[in-house]
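Visitor: FYI, the numbering for the sequence shown is 79 to 163, going by our numbering.
I am attaching a structure below and will ask some questions about it afterwards.
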Amino acid sequence: MQKLRHTINAVFVISLAVLLIAGIVFVAGQALALITGQGDWLAVLNEAVKGPACIAASVCAIAGFLLSYKTSAKQNNPQQEARTP
């Protein structure tokens, strides 16, 4: 079970990195295209970067959900303290 959790964690981290890089490229490219007045660049960015960024966001969201859904065994079995009257 720990190996599965580590695999999901790796998928989460990798997809998050891809998402952040794609987002930076997308926004910076749009800003550069607007500053230079190149409308064609906007279409190219929309076709080339937007799709992979959305896929990475979906994978990241699913992996994040799975990581939060199954907590570790240490968190599931908290030690109870003895109560004193």
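Virtual Cβ for every residue (Gly too), placed ideally from N, Cα, C.
What are the start and end residues of the alpha helix (DSSP H) that includes V122?
Guide: Indexing the sequence shown from 1 puts residue 122 at position 44. Start and end: 117-126.
Visitor: When you compare the CB positions of V96 and A134, do they come within less than 8 Å of one another, or not?
Guide: Reading the sequence shown from its first residue, position 18 is the one you call residue 96. Reading the sequence shown from its first residue, position 56 is the one you call residue 134. It is a contact, given that the beta carbons lie within the stated cut-off.
Visitor: Tell me whether the beta-carbon of A131 lies closer than 8 Å to the beta-carbon of F104.
Guide: Residue numbering aside, residue 131 sits at position 53 when the sequence shown is read from its first letter. Residue numbering aside, residue 104 sits at position 26 when the sequence shown is read from its first letter. Closer than 8 Å, so yes.
Visitor: Can the beta-carbon of I86 be found less than 8 Å from the beta-carbon of L145?
Guide: As a working note, residue 86 is residue 8 in the sequence shown. As a working note, residue 145 is residue 67 in the sequence shown. Yes, they are a contact pair.
Visitor: Using the C-alpha atoms, what's the distance from I113 back to C138?
Guide: Looking up residue 138 in the sequence shown gives position 60. Looking up residue 113 in the sequence shown gives position 35. So the two alpha carbons sit approximately 32 Å from each other.
Visitor: Roughly how many angstroms separate the alpha carbons of D118 and G129, rounded to a whole number?
Guide: Here residue 118 corresponds to residue number 40 of the sequence shown, with the count starting at 1. Here residue 129 corresponds to residue number 51 of the sequence shown, with the count starting at 1. Roughly 17 Å between the two C-alpha positions.
Visitor: Within this structure, are the beta carbons of G101 and L123 separated by less than 8 Å?
Guide: The residue labelled residue 101 in the question sits at position 23 within the sequence shown. The residue labelled residue 123 in the question sits at position 45 within the sequence shown. It is not a contact, given that the beta carbons lie outside the stated cut-off.
Visitor: Tell me whether F90 is buried or exposed, calling it buried when 16 or more other Cβ atoms sit within 10 Å of its Cβ.
Guide: In the sequence shown, residue 90 corresponds to position 12, counting from 1. Buried.
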